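Take the sequence shown: its letters are residues 12 to 270, numbered as in our numbering. Backbone N, C-alpha and C fix where the C-beta goes; we use that ideal spot for every residue, glycine too. Note that the structure is a prediction, hence the values are computed from the model and not measured. Worksheet for the structure shown next.
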Amino acid sequence: MDTPKTADASSQAIPSGLSRLKELSLNLWWSWTPEARRLFEFIDPTLWVLTHHNPVELLAGIRPDRLKYLAEDPSYMRLYSATLKIFDEYRQNGHSWFKTQHSSLKAPTIAYFSAEFGLHRSIPIYSGGLGILAGDHCKEASDLGVPLVGVGFMYPQGYFRQRITPEGWQEAAYAPFNRAESPIHPALTPTGEPCRITVEIGSRVVAAAVWKVLVGLVPLYLIDTDVPENSPENRALSARLYGGDQEMRLCQEFLLGIG
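Printed below as a string of structure tokens:
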């Protein structure tokens, strides 16, 4: 497997005065916060639409001279500062519902497992209602300050897109999504190494990489079995959402629950 490169908006020479744009783009908090969405849309409204409201891809494609201009634009800098203030206060989370209603509890960590998470179009690892519900649970848990951790699958090929042939038949088309243009990055161990896991499924030993998505205050960890040491059969376990036969589904559930 060729290790996907994570998005590096710094390659676009972001001015120092706007250096936290990259930080904002890598936390899906922007996806449900109007001020943050306006901040990115202001950069280039046309490109914002063309990138399907994906700030990571936006920052990777914007002209450096445009960012330099915005760094000297008083109205944009006011919006930038105001958005960062909201973001920082949100992350401090001092007056969240969970802390005010359950202040005497030692903060537990609640693991939320789901086969799919519908968070944003830039991370196409969902197909419908279950994924949207799981994504909304993560967002709401973040807003309430609930100490939730999500666990799911990476699905490099995502869910299929339906195409209809001239004869009227359905075709399933899969297209790998570009993780370098998504708000996602490799999960790291406490020592700073890429996180890897192994799980025994019967006589099979399955290795997996782990990716991380920040959903406000909620971390979401995604299991990815598309790693070189796996057999083609094992690499396919997390390739597609709801792909394969019943045996593959059982293996996926085992991997998700134990991994």
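- As DSSP reads the structure, Phe164 sits in a beta bridge with Ile234.
- Under the three-state reduction of DSSP output, Asn245 falls in the helix class.
- Glu204 and Phe109 have their alpha carbons spaced roughly 32 Å apart.
- Counting only the Cα atoms, Ala145 lies some 40 Å from Glu83.
- Under the 8 Å Cβ criterion, the segment 113-121 does not count as touching the segment 239-251, having fewer than three qualifying pairs.
- When C-alpha distances from Glu34 are compared across Ser86, Ile175, Ala220, Val224, the shortest belongs to Val224.
- Going by C-alpha positions, Gly156 is about 32 Å away from Gln168.
- Runs of the alpha helix (DSSP H) lying entirely within the segment 28-76 and spanning at least 4 residues, in chain order: 32-36, 45-54, 56-61, 66-72.
- In the structure shown, the three-state DSSP call for Tyr123 is strand.
- The count of Cβ pairs closer than 8 Å, one atom from the segment 226-239 and one from the segment 165-185, reaches three, so the stretches are in contact.
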